[in-house]
Structure formats: structure tokens, C-alpha cells
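Chemist:
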Amino acid sequence: MAKELRSRGWFGKKGKDGFIYRAWMKNQGIPDFEFQGRPVIGICNTWSELTPCNAHFKELAESVKRGILQAGGFPVEFPVMSLGETLIKPTAMLYRNLASMDVEESIRANPVDGVVLLCGCDKTTPALVMGACSVDIPAIVVSGGPMLTGSYKGTPIGTSDVWRFNDALRSGAMSEEQLAEAEASMCRSRGHCAVMGTASSMACMVEALGLTLSGNAAIPAADSRRKVLAQFSGMRIVEMVKEDLKPSDILTRKAFENAIKINAAVGGSTNFVIHLLAIAGRVGVDLSLEDFDTHSQGVPLLANIQPSGTGFMEDLFYAGGLPAVIKELLPKIHKDAITVTGKSMEENVSIAENYNTEVIASLEKPVNPVSGIIVLKGNLCEAGCIIKPSAASPHLMKHKGKAVVFETIEDYKARIDDPNLEVDENSVLVLKHVGPKGYPGMPEVGNMALPKKLLAQGVKDMVRISDGRMSGTGFGTVILHASPEAAEGGNFAVVQDGDLIELDVDARSLILHVSDEILAERKKTWQSKAVNPGRGYVGLYVRTVEQAHLGCDLDFLKGKSGSEVTRDSH
Ligand code: FES
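Basically the working numbering = 1-based index in the sequence shown + 175.
Listed below in C-alpha cells is the structure:
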């Protein structure tokens, strides 16, 4: 017998209680046969004009609604906190967990039987998935899609070029006027960043986890097929409610291992690590930082997309999209992992084709044999830190150099271009107090710009270490997410100028050549440079946020509370 619809607990009630639930739906001009006995599908919308990447979501929601109605469901759209990566200060990551709470409570508190999650700009995807997982009713993700490729003076450009433009401006190779022209040429359509930055990595992640229809990740936002996918997703969620196919049925350990492998194959963002750990924490899958290294191994870079390659998301779509990448990767993934279609990953990609081997390479002839995330351990960050080898310089993967330490981001900004700064191309730049608690919010400053005087000498890359994050569009030999972070007072907190640091990526090690005795002595007088978070959400965040190697969720949000609401005030 089919499970009774959850929404019956509202609209199916007799007497005064049911009267109140139904009557106020009717004030929208909706006859009760529309929501009585039909699957009520929430459309969780992160539309906002302050989140430019998601500004087209009202239109996308209309396509989802068409699908829901066609399949016999009843759509109800609701807003949740939106996080625009480019506008939110101090960093959108500070609010990912807050948005996830909004999503979780909005879904649980309302009469919805299933939910469509409209995700786009970086944090909106993990926030919505985390919240939905903690309720665990049938859910499907529809991504907003990437922008069309930008074009500057005839050259294709995307968000990764912002870092190159910045270096060119700082070294004098580019004028302010040229920068303004590039600025106008880059974001030329609706959608999120057009490279394999965090938003595209998140769109690939949800497809790899099995939470979207096949092909979701790469269809450009401006392509009419994005709306078609949204409509089909609306149709499918109604069926998922009837089948009672929930996130916990899909998000098994196999799904997470697939996501790690597919992220490696597309050269996905380092932010993927933190978000996937947080999602695993909500569904109760025991995922560790080491899993990212273990399951990335042996997976080469197949997608030739910036920042690890040369192309753009639009190219990936024309080449066959993520399904073509997954099909090539089938020998290495769990083919039988179940997805929102009710079918396996292998069945989903069976008709995929690769139309351009310059964009989607083969396992035999990959874009780069090295990819994925490498986890480094050692006395500098005892709980681990990460590096993305496909974005790093091969000649720096084994490197020994003296630390040039910046205690805070303000310290870095004040001194990095000082002509008297004692730094050369062999130095290791260390940036502290940009971790989850130290900043707070863990901003994307880990790929700190190089000193102007070294850029002028033609230096293109240096080893950089921080407890912060890096934009998914960033690149360089950048070691991130040092854990425990400086604000926790571990060894990373007491690194000093001139200390010798040794990186050996092959050996997975990051060693601070300072004795335990000296480190212990330094800790006696160490003082945190973290700002006082004060009251409100930021205070709560700093008191309860977990370290990067655990996914930066708030400790009390881990796990799920389910969909049941046991008390009823009506
Ligand atoms: Fe929204 Fe890049 S700023 S995806």
C-alpha cells in the first residue's frame, strides 16, 4: 500500500484544524482539489537579485512547476536565504550553515511531500542539500547552469582569468582601462561561473551523487535545454514521492566515493572537500579527509576545463556533458549506485556520447594523469591540509623553503608589496587566522597574490599555505584548510618567519623543521589574533563550527531530525 502523503497531516484534517490549513491556501485562488490528495512539491528557491548567479531562478521555477503539474503534483514555491558569492561580506561561507538551517526548518515545518532544490552560486548547493538531507523527504536538485563563455579581445575568458588579470595589473602588464573592458566581457549571460569553479564543481557533485537528472551539471543557464531539464525534474519528483525515494536511499557511501572520483576527473574545486564532508555528516555516512586522497588516486583529469585545463563549461556541455565523463569513468566508479531516476549511474549514462576528445579525454590519454585532492599530513597541521595537484606547479611539488609569515589577512595586505619584505621565489608564504573560527567564516584568500617585486621578476608561482580556502577558480601551489587552524593554537599558530618548511606531495607530507621543544615554548606566549565574534549568529558560529577536516558544519547540526512534526498548535 502506498505511503500516506505527508501533506495529508495538514490538508487532510477534519474540522477547524483542516479548515485553517485549507482556507488560507484557498485565499490564493486555488481550489482544494489541487492540493488535496496530490503530492505537494516544494520548490526551494534561492532566487535573489543579490545573488546574480541565481537571478534567473524565478523563470526556472516556472519550468519546474509545469513539470510538477503535468505529473499530477501541486507546486508551492518558497524562498530561502540566498548566498551570492560575489556580494556577501565577509564571506558567503560564514552563512552556508545558516542557510542550511533555513532550508531544513522550512521544509520540515510545511506541508510538502517532496522538494525541488534550485541551486546555483557556490554555497547555495551544499546549503540546500545539507538542509534537505536533515529532513530526508524525496528531493531532487536542479542547478541554474553556468554562464556562456566570456570573450575579451577575441579570447575566451572566465572567472579563472580574474587572477591572471590581477597579476597582470599588479605587474603593470595591464591597464585599469583594459581591466574594465575585461570586466564587461566576462559575465555576458545569466548563470554561475563558466569554469570548473566551486559552483560548477557543486553542480557536478550533485549529479555524481545521483541527486539530479543526468546532464544537469553542464547545460548553460541560457540554453533552452536548461528549462527542459527543470521541467523533467518537476515531473520526476512527483514520481519520487510515490516511490518514497529519499536522499538517504541515494546518498550511500558508494555515492560519496563516486562523487570524489568524478570530482577528480573534472578537476573540481577544493571547496568540494568541505561541502561533501558536511553533507556526509548530515546523512550519517562516515567520510574522512583521507577518503578524498584514497578515492582520487588513479583517477586522471579527463575534463579539459579551467582552472585545471583550458576550456569552459559551455565546451563541456557541447562535448557531451558530465554523462560523457562518467561513462568514460565507469570502470573506476560504483556503476550500480542508485540515483533520483530510480536507475543506476550506469543506466543513466548509457546513451551518453563524447563529441570532442579535446574537451573530454579518455582514461588512456587523459588531460593530466594527476588530479583530485591530495591530503598532506605532518607536524605543521596535525589534522591535515589539502592541495589540488592539477592546479599546482610540478616543479614545486617537492620543495623546501623559509616561511614568510602573515598573522592575519590585514597583515598580508599591508606588507606583501613592501619592497623591503624579505622574500624570494623559494620562500613559503604562510597566512594565518583565515580559518573557520579565526576570520570567522574561512574566506577564499588562500591563493594569495604573489609579492609585486617577484611578479616583476617573472615569478609565476610559489608555495603558499593557509588555514583558509581558495576560490574554485583559483590555481597555484596552494596548500589549504590547515587543520587545526591558527585560532586553535596548534603548531600552525606558532610558525614564525624563517622557519624551514618542507613539502613533499608524493610523500603526502608537510613538515615544519622546528623542534617540539621550541614549538612548546612558543605556545606559552602565543596569543590568538582572531577577532571577537560578538553576539548573534556569528557568535554561535564561532562557538560551534567544526574544523575544516570535518566539513565546517555547526556541531549541533550534524545528523538529521527527520520529517515528522509531532506537535500541532492548531
Ligand atoms: Fe556565483 Fe561564481 S560567483 S558561481
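Ideal Cβ placement from N, Cα and C applies to all residues, glycine included.
Count the C-beta pairs between the segment 373-387 and the segment 336-345 that are closer than 8 Å, then say yes if the count reaches three, no if not.
Modeler: no
Chemist: By how many angstroms is the C-alpha of residue 434 removed from the C-alpha of residue 383?
Modeler: 5 Å
Chemist: Give me the pocket residues for ligand 1, defined as CB within less than 5 Å of any heavy atom, sorted by chain position.
Modeler: Near ligand 1, residues with a Cβ at less than 5 Å from any of the ligand's heavy atoms are 228, 260, 261, 296, 367, 368 and 374; the list follows chain order.
Chemist: So, is residue 232 buried or exposed, given that buried needs 16 or more other C-beta atoms within 10 angstroms?
Modeler: buried
Chemist: Answer yes if the segment 524-536 comes into contact with the segment 560-571, meaning at least three C-beta pairs across the two stretches below 8 Å, and no otherwise.
Modeler: no
Chemist: Relative to the C-alpha of residue 702, which candidate in 732, 234 and 667 has its C-alpha closest?
Modeler: 667
Chemist: Measuring from the CB of residue 245, is there a heavy atom of ligand 2 at a distance below 6 Å?
Modeler: With respect to small molecules bound, the structure shown includes ligand 1 and not ligand 2.
Chemist: Comparing alpha-carbon positions, which option in 567, 252, 728 and 665 lies nearest residue 697?
Modeler: 665
Chemist: Is residue 639 helix, strand or coil by DSSP?
Modeler: Shown here, residue 639 sits in a strand according to DSSP, grouped into three states.
Chemist: In the DSSP assignment, find the alpha helix (DSSP H) that holds residue 404 and state where it starts and stops.
Modeler: Here the alpha helix (DSSP H) through residue 404 covers 399-418.
Chemist: How would you label residue 487, buried or exposed, when you count the other beta carbons within 10 angstroms and need 16 or more for buried?
Modeler: buried
Chemist: For residue 669 and residue 690, what's the separation of their Cα atoms in angstroms?
Modeler: 12 Å
Chemist: The alpha helix (DSSP H) that contains residue 382, what's its start and end?
Modeler: Counting along the chain, the alpha helix (DSSP H) containing residue 382 begins and ends at 373-384.
Chemist: Comparing C-alpha positions only, which one of 334, 299, 276 and 226 sits nearest to residue 650?
Modeler: 334
Chemist: Tell me, please, which residues DSSP counts as bridged to residue 249.
Modeler: 215
Chemist: At which residues does the beta strand (DSSP E) containing residue 656 begin and terminate?
Modeler: 653-658
Chemist: Please go through the segment 472-549 and give each complete alpha helix (DSSP H) segment of 4 or more residues, from N-terminal end onward.
Modeler: Correct list: 488-493, 496-504 and 520-523.
Chemist: Of the residues 547, 403, 402 and 214, which one's Cα is nearest the Cα of residue 465?
Modeler: Closest by C-alpha distance to residue 465, out of 547, 403, 402 and 214, is 547.
Chemist: Where does residue 445 fall in DSSP's three states?
Modeler: coil
Chemist: Hey, which unbroken runs of the alpha helix (DSSP H) at 4 residues or more fall wholly within the segment 264-351?
Modeler: 271-284, 299-310 and 336-346
Chemist: How many angstroms separate the CA atom of residue 631 from the CA atom of residue 624?
Modeler: 13 Å
Chemist: On the DSSP letters alone, give me the boundaries of the beta strand (DSSP E) that residue 605 sits inside.
Modeler: 603-606
Chemist: Name the two residues that bound the continuous beta strand (DSSP E) containing residue 684.
Modeler: 684-687
Chemist: Per DSSP, which residues does residue 362 bridge with? Please list them.
Modeler: Bridge partners of residue 362: none, in fact.
Chemist: Out of 593, 324, 542 and 475, which has the shortest C-alpha to C-alpha gap to residue 507?
Modeler: Here the closest residue by C-alpha is 475.
Chemist: Does the distance from the C-beta atom of residue 255 to that of residue 275 stay below 7 Å?
Modeler: no
Chemist: When you compare each of 244, 415, 242 and 369 to residue 177 by their alpha carbons, which one comes out closest?
Modeler: By alpha-carbon distance to residue 177, the top candidate from 244, 415, 242 and 369 is 415.
Chemist: So, at 6 Å on beta carbons, what are the nonlocal neighbours of residue 741 in its own chain, with the 5 sequence-adjacent residues on each side left out?
Modeler: none
Chemist: State buried or exposed for residue 194, treating a residue as buried only when at least 16 other CB atoms are found within 10 Å of its CB.
Modeler: exposed
Chemist: Leaving out five residues before and five after residue 615 in sequence, what residues of the same chain have Cβ atoms less than 7 Å from its Cβ?
Modeler: 269, 708, 713, 716 and 717
Chemist: Select from 582, 575, 693 and 636 the residue whose C-alpha is nearest the C-alpha of residue 684.
Modeler: Distances from the CA of residue 684 to each of 582, 575, 693 and 636 were compared; the closest alpha carbon is that of 575.
Chemist: Is residue 551 helix, strand or coil by DSSP?
Modeler: strand
Chemist: State yes or no: is the beta carbon of residue 675 nearer than 7 Å to at least one beta carbon in chain D?
Modeler: Included in the structure is just one protein chain, with no chain D present.
Chemist: Which same chain residues, not among the five before or five after residue 688, have their C-beta less than 8 Å away from its C-beta?
Modeler: 674, 675, 676 and 677
Chemist: Excluding the 5 residues preceding and the 5 following residue 262 in the sequence, name in chain order all residues of the same chain whose CB lies nearer than 7 Å to its CB.
Modeler: 225
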